[in-house]
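**Student:** Chains as they are written, first to last, in UniProt numbering: chain Z, 1 to 159; chain H, 1 to 226. Ideal placement from N, C-alpha and C gives every residue a C-beta, glycine not left out. Quantities reported herein were computed from a predicted structural model and do not represent experimental measurements.
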Ligand SMILES: Nc1nc2c(ncn2[C@@H]2O[C@H](COP(=O)(O)OP(=O)(O)OP(=O)(O)O)[C@@H](O)[C@H]2O)c(=O)[nH]1
Ligand SMILES: [Mg+2]
């Protein structure tokens with residue numbers, strides 16, 4: 001069934017991710033509620049990846065980014081910690097402002113950022129017991145003439 | 001001297017003069033994935049040695065190159081360390097450097113130039129490999145060219161510690177470059193270091209200790225702060 005995601009949000013009780021989507025065949029709008037099982041204030045954001053790859057719900061969330069799901073799960077968790085939606089988003093925003101330069105963060109803040117990075121790391125990770133694991137995986141990225149210059153090279157400072 | 005706490009005795013680094021041992025250092029901002037890359041390369045076949053007093057991790061790796069056993073010491077430090085002043089002994093006698101940035105964070109790319117500058121103050125000629133990590137997060141970056149490496153004439157790699165792309169290649173290349181650098185080393189600093197060491201020994205025998213090397217250290221730290 002082809003799914004066009006329209007909106008993705010949350011419900012607090014029980015903690016759930018809610019998706020409004022369109023069924024492309026019928027053109028009908030539908031709502032799907034996906035409970036996040038045994039979620040607590042101590043759950044970390046890796047639960048977002050579990051939701052995204054959930055055996056039944058996963059395919060509905062194809063076009064919903066992991067980033068957005070992490071954000072929503074964090075709001076769910078912060079709610080259980082007594083934070084309002086606004087407060088949670090504000091906190092998340094503040095953490096993001098720091099996101100670029102991590103060199104100066106304290107240990108705890110740095111670890112929180114790394115924990116957030118771990119979500120994607122674990123999703124994309126190939127384990128050595130995976131059947132298709134290749135230890136020395138070489139991929140060539142040929143330097144062709146149409147290669148575009150990264151915008152990072154175009155700003156003020158020169159190397 | 002503030003750096004004393006983190007000073008690694010030279011006697012512990014003399015082993016790097018022998019032909020079958022090389023020292024490879026990792027540089028780069030906090031959280032770019034230096035440690036994850038090391039771990040992906042070494043898998044289970046390593047003995048990490050946490051030198052907490054020096055805030056660095058040493059990974060020992062045994063391999064065979066051209067039929068000869070080679071012991072590689074990989075030195076990994078936290079990007080944060082830089083801001084608490086990284087001691088010159090981190091660079092001392094290194095034979096190659098793997099310099100990492102995170103393709104998801106521009107600042108880590110911009111900071112390459114200051115990492116590189118510091119590296120070159122201590123080790124003007126060792127091979128340096130530039131590594132763009134986390135390409136799994138956004139494969140489109142591999143379509144782009146990053147000019148820093150090209151400008152400095154350094155080899156460049158797109159890698160992912162998560163899915164393993166090109167990780168082993170980077171470290172194998174680094175080992176080979178380290179070995180051939182060592183064999184053909186004409187690095188001026190290296191020669192000076194060796195002479196200084198000899199001098200130091202002689203001086204010790206003569207007068208029971210000399211500050212020659214201490215002075216050198218202080219100069220280096222000033223240079224770094226500038
Ligand atoms: N998606 C993705 N994430 C990665 C990759 N490599 C590392 N990470 C993430 O980045 C975080 C930081 O990686 P580390 O290896 O701890 O970084 P580091 O450079 O050693 O950091 P410091 O020791 O603080 O200087 C990890 O917790 C991972 O979640 C990668 O190839 N892909
Ligand atoms: Mg590390």
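Taking beta-carbon pairs under 9 Å, can you tell me which members of the stretch 68-92 of chain Z lie near chain H?
**Tutor:** From the stretch 68-92 of chain Z, no residue has a Cβ closer than 9 Å to chain H.
**Student:** With a cut-off of 8 Å on the beta carbons, I'd call residue 30(H) and residue 124(Z) a contact; round off their distance for me.
**Tutor:** Locating residue 30(H) in the second chain gives position 30, counting from the first residue. Locating residue 124(Z) in the first chain gives position 124, counting from the first residue. At roughly 20 Å, the Cβ-Cβ gap does not stay under 8 Å, so residue 30(H) and residue 124(Z) are not in contact.
**Student:** The beta strand (DSSP E) that contains residue 158(H), what's its start and end?
**Tutor:** Here the question's residue 158(H) lines up with position 158 in the second chain. Element bounds for residue 158(H): 156-158.
**Student:** According to DSSP, simplified to helix, strand and coil, what is residue 145(H)?
**Tutor:** Taking the first residue of the second chain as 1, we reach residue 145(H) at position 145. If DSSP states are grouped into helix, strand and coil, residue 145(H) belongs with the strands.
**Student:** Please report how far the alpha carbon of residue 201(H) lies from the alpha carbon of residue 10(H), in whole angstroms.
**Tutor:** Working through the second chain from its first residue, we reach residue 201(H) at position 201. Working through the second chain from its first residue, we reach residue 10(H) at position 10. With a pLDDT of only 49 at residue 201(H), under 50, the local geometry of the prediction cannot be trusted, and no value is derived from it.
**Student:** Assuming residue 75(Z) and residue 88(Z) are in contact, meaning their beta carbons sit under 8 Å apart, how far apart are those beta carbons, in whole angstroms?
**Tutor:** For this step, residue 75(Z) is matched to residue 75 along the first chain. For this step, residue 88(Z) is matched to residue 88 along the first chain. Confirmed, Cβ separation roughly 5 Å.
**Student:** In the structure shown, what three-state DSSP assignment does residue 40(Z) receive?
**Tutor:** On the first chain, position 40 is the one that residue 40(Z) refers to. Three-state result, residue 40(Z): coil.
**Student:** Interface residues of chain H around residue 138(Z) at Cβ under 7 Å?
**Tutor:** By 1-based counting over the first chain, the position of residue 138(Z) is 138. In chain order: 166, 169.
**Student:** Is it buried or exposed for residue 102(H), if we count other Cβ within 10 angstroms and need 16 for buried?
**Tutor:** In the second chain, counting from the first residue as 1, residue 102(H) sits at position 102. That one is buried.
**Student:** So is residue 45(Z) in contact with chain H if we call contact Cβ pairs under 8 Å?
**Tutor:** Numbered from its first residue, the first chain carries residue 45(Z) at position 45. No, no contact with chain H.
**Student:** Would you say residue 23(Z) faces chain H, with C-beta separation under 8 Å as the test?
**Tutor:** Along the first chain, one-based indexing puts residue 23(Z) at 23. No, residue 23(Z) does not count as interfacial toward chain H.
**Student:** Output the boundary residues of the alpha helix (DSSP H) element that contains residue 116(Z).
**Tutor:** Here residue 116(Z) refers to the residue found at position 116 of the first chain. First-last of the alpha helix (DSSP H) with residue 116(Z): 107-124.
**Student:** Taking residue 70(Z) as part of the alpha helix (DSSP H), name the residues at either end of that continuous run.
**Tutor:** One-based indexing of the first chain puts residue 70(Z) at position 70. Residues 66-80.
**Student:** Identify the contact partners of residue 114(Z) in chain H, using a Cβ-Cβ distance below 8 Å as the criterion.
**Tutor:** One-based indexing of the first chain puts residue 114(Z) at position 114. Result: 31.
**Student:** Using DSSP's beta-bridge definition, name the partner residues of residue 104(H).
**Tutor:** Residue 104(H) sits at position 104 when you count from the first residue of the second chain. Bridge partners of residue 104(H): none, in fact.
**Student:** Am I right that residue 99(H) and residue 28(H) are in contact with their C-beta atoms under 8 Å? What's the rounded C-beta distance?
**Tutor:** Mapped onto the second chain, residue 99(H) falls at position 99. Mapped onto the second chain, residue 28(H) falls at position 28. Yes, they are in contact, since the Cβ atoms of residue 99(H) and residue 28(H) sit about 6 Å apart, within 8 Å.
**Student:** Is residue 56(H) closer than 8 Å to residue 161(H) when the C-beta atoms are compared?
**Tutor:** Locating residue 161(H) in the second chain gives position 161, where the first residue counts as 1. Locating residue 56(H) in the second chain gives position 56, where the first residue counts as 1. Their beta carbons are not under 8 Å apart, which means residue 161(H) does not touch residue 56(H) by this criterion.
**Student:** So with CB distances below 9 Å, who are the chain H contacts of residue 128(Z)?
**Tutor:** Here residue 128(Z) refers to the residue found at position 128 when the first chain is read from its first residue. The answer, in chain order, is 43, 44.
**Student:** Could one say the Cβ of residue 126(H) lies closer than 8 Å to chain Z's Cβ atoms, at least one of them?
**Tutor:** Position 126 of the second chain, counted from the start, is the residue given in the question as residue 126(H). It does not: the Cβ of residue 126(H) has no partner Cβ on chain Z nearer than 8 Å.
**Student:** Which of the three DSSP states is assigned to residue 12(H) in this structure?
**Tutor:** Counting from one through the second chain, the residue named residue 12(H) turns up at place 12. Residue 12(H): helix per DSSP, three-state reduction.
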